[in-house]
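Following: one structure in C-alpha cells, then a few remarks.
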Amino acid sequence: MNKKIGSLRTLWRLSALLLGLWTVQGSALAQANAQAQGDQEDINYSQFIQLVDQCQVRASCQLKEVKIRTTPKQQLIEFQLGEGESAKTQTVGLFKRNPELIERLNQNNVDYTLMPQEGDNPLVGLMINLFLGFLIVLLLIAFLRRASGASGGGPGQILNFGKSRARYQMDPDTGVTFEDVAGIEEAKEELQEVVGFLKQPERFTTVGARIPKGVLLIGPPGTGKTLLAKAIAGEAGVPFFSISGSEFVEMFVGVGASRVRDLFRKAKDSAPCLVFVDEIDAVGRQRGAGIGGGNDEREQTLNQLLTEMDGFEGNTGVIIIAATNRPDVLDSALMRPGRFDRRINVDLPSYNGRLGILQVHAQNKKLSEEVSLEAIAQRTPGFSGASLANLLNEAAILTARRRKEAITNLEIEDAIDRITIGLSLSPLLDNKKKWLIAYHEVGHALLMTLLDHTDPLNKVTIIPRSGGIQGFAQQIFDEDRVDSGLYSRAFLMDQIKIYLGGRAAEVEIFGEEEVTIGASSDLQAVANVAREMVTKLGMSQLGHVALERENSDVFLGGDWSSRSEYSEDMAIKVDYEVRQIVMHCYEEARRLLRENRPLMDRLVEILLAKETLEGDEFREIVKQYNQKSLKEPSFRKLSSSSSG
Numbered sequence: 001m002n003k004k005i006g007s008l009r010t011l012w013r014l015s016a017l018l019l020g021l022w023t024v025q026g027s028a029l030a031q032a033n034a035q036a037q038g039d040q041e042d043i044n045y046s047q048f049i050q051l052v053d054q055c056q057v058r059a060s061c062q063l064k065e066v067k068i069r070t071t072p073k074q075q076l077i078e079f080q081l082g083e084g085e086s087a088k089t090q091t092v093g094l095f096k097r098n099p100e101l102i103e104r105l106n107q108n109n110v111d112y113t114l115m116p117q118e119g120d121n122p123l124v125g126l127m128i129n130l131f132l133g134f135l136i137v138l139l140l141i142a143f144l145r146r147a148s149g150a151s152g153g154g155p156g157q158i159l160n161f162g163k164s165r166a167r168y169q170m171d172p173d174t175g176v177t178f179e180d181v182a183g184i185e186e187a188k189e190e191l192q193e194v195v196g197f198l199k200q201p202e203r204f205t206t207v208g209a210r211i212p213k214g215v216l217l218i219g220p221p222g223t224g225k226t227l228l229a230k231a232i233a234g235e236a237g238v239p240f241f242s243i244s245g246s247e248f249v250e251m252f253v254g255v256g257a258s259r260v261r262d263l264f265r266k267a268k269d270s271a272p273c274l275v276f277v278d279e280i281d282a283v284g285r286q287r288g289a290g291i292g293g294g295n296d297e298r299e300q301t302l303n304q305l306l307t308e309m310d311g312f313e314g315n316t317g318v319i320i321i322a323a324t325n326r327p328d329v330l331d332s333a334l335m336r337p338g339r340f341d342r343r344i345n346v347d348l349p350s351y352n353g354r355l356g357i358l359q360v361h362a363q364n365k366k367l368s369e370e371v372s373l374e375a376i377a378q379r380t381p382g383f384s385g386a387s388l389a390n391l392l393n394e395a396a397i398l399t400a401r402r403r404k405e406a407i408t409n410l411e412i413e414d415a416i417d418r419i420t421i422g423l424s425l426s427p428l429l430d431n432k433k434k435w436l437i438a439y440h441e442v443g444h445a446l447l448m449t450l451l452d453h454t455d456p457l458n459k460v461t462i463i464p465r466s467g468g469i470q471g472f473a474q475q476i477f478d479e480d481r482v483d484s485g486l487y488s489r490a491f492l493m494d495q496i497k498i499y500l501g502g503r504a505a506e507v508e509i510f511g512e513e514e515v516t517i518g519a520s521s522d523l524q525a526v527a528n529v530a531r532e533m534v535t536k537l538g539m540s541q542l543g544h545v546a547l548e549r550e551n552s553d554v555f556l557g558g559d560w561s562s563r564s565e566y567s568e569d570m571a572i573k574v575d576y577e578v579r580q581i582v583m584h585c586y587e588e589a590r591r592l593l594r595e596n597r598p599l600m601d602r603l604v605e606i607l608l609a610k611e612t613l614e615g616d617e618f619r620e621i622v623k624q625y626n627q628k629s630l631k632e633p634s635f636r637k638l639s640s641s642s643s644g
C-alpha cells in the first residue's frame, strides 16, 4: 500500500512540474505573439526585395541592421531604413518557407542576422519532451502491473502469453469423492480403475497392462462430468491440473500451442498426475471443416495437443481426462486409441440414479414428512443431476417466499412446472379467450385418456406460463420406451392425434372461421413426426425404405446442406403420404371429440372453475361417462402439449 501511495505522489509531482513548464512556455509564446501583432508593416515584401536589389551597389543600399526573426505564427524581417535621426525601424512579414531570400541577401551583399525565436529556450523544449516520455513510460508500467494484478499473476504476467493457465493443485482438496457422486454408477466403476492406475501402477504393469493415456467423458450438459473429474482428483491424491479448452486459443498466433507445451511440461515434471480439460470441443474440433476453412490458430493448438498426447516423446504417468457434450465434432485423430483410450458415457440418470442424486442434494434441505423422494424421482425422468439439484433449490426458494418452515409437495410440483414449462402468471379473465383455451387443452387431455396406444395424462391447466404458453396438457411418458427409443406405428399415430386434439376441439366447438394460431407448435410437431414416418421409418404405403438420412455435417448448421435423395415424382408421393397420415389422424381426433361432446363440455366447465385438473381427477370424471377400462399411469417420462 505504501509503495502504491508513493508511486501516486511521484506521478502527481511530475504532472505538476510538466504543467508548470507548459505554462511558462505558453506565456513566452503569448508575449511573442503580442509583440509580433503590435508591429506594423510599413512596406510590403515586394518593396523589400527591391531594396535588397538596390544593395548590390553598396553606396545605394538603404537597409541597415537586417534581422530575420521567427515567431510562432510567421517569419519577420526587421531592418532600419535610412541613417541618423531619420532612420526608421521597419518590419516585413515573410512566407513560412523562403529559401531563396537568404541566397538573395548574400548575392546583394546585405548584412543580416538570424535571430532565435523569442521566449524559445531549446533546453526547455528538450526537458518537456523528456518528462513527457518518462510520464508515458510510468503510466504504461502502472497499467501493466494493474492488468497483471487483475489476472491473478505477478509482475509481468500479462506478457506471459505462452504460459499455461491451468489451475494446479499439488495436494488436490476438491472436497468431492466418489461417495458424493450418485446416479452414474457405471461411469464411477470405470473411473475407479483410473484411480487404481495412479495409486498402484505396478499392479497393472506386472501383467503387461498399459496405463491409459486419456479418458473422454461424454454426456449431456449437467450429468456430472466435471463432478466426476473432481472426485477422481480427490480420490487419487496426486497433482491435479485443470483447464478449459477455450483457454488454449487466443488471438495471437502460436499462443495456444505454446500453452499446450507448457502444460504438458509441467505435468511431466509432476508425474504421476491428472490433467483435466473441460469442454475440449473448443480446441479439438475437426480440422478443415466448415465453409471458408478453419481457424489456423486453433488447428495449430490441436496439432500440438495431438503431438503431446501421443508423439515421439511419451508422457508416462500423465493421464488426460477430458469432458465434452459434443463428441460428434471432435477430430478423429484426437479420438483414436493411444490418445483417448477410454470413452465413458455419462448419460442421464435412471430412476435409481435420480433417487440417489435427490438423496445427496436433500441432505441440507428441510423437507416435510409428506414429501417422498421416490415420488419425485418417478416424476422427473429425463432430468440431469444439475436439473435435480436446481429442482430442490427452486422448491426451497418457493418455500422461503411463502414463509413456510419446510418444503411441501406443493412447492415440489410448482418447481417441476417452473423448470419444465415456465413461471406461472396471473390467471386469465373469464372471457371468450379463456373458454377457447380451455376447449383446446381439454381436446389434448381427452384424447390422451381415450386413445389406447398412448401414455396417460398427468395434469391439464389453463394457467398461463412465461414464454407465451397459455395452457398445457402434460403426459406421463413411459420411461422404458423413451430410454430404448422403440416407438410403434400405433403409438406414433395416436401421438399425432393428440397433437391435433387442440385444433380439432376448436373446429368442433367454434367452427373453421374461429380457429386460432394456438396450435402452431402442435402442427410443427405433427409435420415432423409424419414426415419421419414416411421418409425415415418406412411406416407408409411407400414401403420399408428410408428416403432421407440424418444430416452428418454438424458445422454447417441445421439442414443447410441437406438435399433430397429421391426424384421429384417420389417427392410428390412423399407429400401425399404425409398429408394422408395427418388428415386421417385429424378426422379420427374430430370423431372422438364429437362423440364425446357432452363429456368435453363438462370437463371444460370444471377446468374453468378449478383452472388445473390432475390426471386422476380427470380420469375419474371421464369414467362417469365412459365405463370402459382405462389404464392407470405409471408416473414416468414427462412431456407436454401446450398451446400459445
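The sequence shown begins at 1 in the UniProt record's numbering and counts up by one.
Beta carbons: idealized from backbone N, C-alpha and C, even for Gly.
Computed from a prediction, not measured in an experiment: that's the story for all the values here.
query                                                                                                                   : result
Residue 440 burial status per 10 Å Cβ neighbour count (16 or more: buried)                                              : buried
Coil, strand or helix - residue 324 by DSSP                                                                             : strand
Proximity below 8 Å, CB of residue 438 to CB of residue 305                                                             : no
Bridge partners - residue 343, DSSP secondary structure assignment                                                      : 216
Burial state of residue 46 (16 or more Cβ within 10 Å)                                                                  : exposed
Alpha-carbon to alpha-carbon, residue 249 and residue 298                                                               : 6 Å
Local Cβ density within 10 Å of residue 425, reported as buried at 16 or more and exposed below that                    : exposed
Inter-residue Cα distance where the pair is residue 230 and residue 276                                                 : 9 Å
Exposure of residue 444, with buried meaning 16 or more beta-carbon neighbours within 10 Å                              : buried
Distance between residue 79 and residue 35 (C-alpha atoms, nearest Å)                                                   : The pLDDT assigned to residue 35 is 49, lower than 50, so where the model puts this residue is not dependable, and the model offers no usable value.
Residue 471 - containing alpha helix (DSSP H), residue span                                                             : Premise fails: residue 471 lies in the beta strand (DSSP E), 471 to 477, not in any alpha helix (DSSP H).
Backbone CA spacing between residue 474 and residue 319 [nearest angstrom]                                              : 46 Å
Contact set for residue 226: own chain, Cβ-Cβ below 7 Å, skip 5 residues either direction                               : 278, 323
Nonlocal neighbours in the same chain, by C-beta distance under 6 Å from residue 48, ignoring five residues either side : 92
Residue 241: first and last residue of the uninterrupted beta strand (DSSP E) it sits in                                : 240 to 244
Sheet register partners of residue 367 (DSSP bridge)                                                                    : 407
Any 3 or more C-beta pairs closer than 8 Å across the region 373 to 388 and the region 407 to 426                       : yes
Enclosing alpha helix (DSSP H) for residue 273 [first to last residue]                                                  : Element bounds for residue 273: not the alpha helix (DSSP H) but the beta strand (DSSP E), 273 to 278.
Euclidean distance between Cα positions of residue 403 and residue 301                                                  : 54 Å
DSSP beta-bridge partners of residue 424                                                                                : 465
Same chain, Cβ closer than 7 Å to residue 414, five either side skipped, listed in chain order                          : 398
Residue 299, enclosing alpha helix (DSSP H) - first and last residue                                                    : 296 to 309
8 Å Cβ cutoff met for residue 263 and residue 240                                                                       : no
Given 8 Å, three or more beta-carbon pairs between the region 356 to 372 and the region 329 to 336                      : no
Environment of residue 281 [buried if 16+ CB atoms lie within 10 Å]                                                     : buried
Separation of residue 576 from residue 363, as counted between CA atoms                                                 : 57 Å
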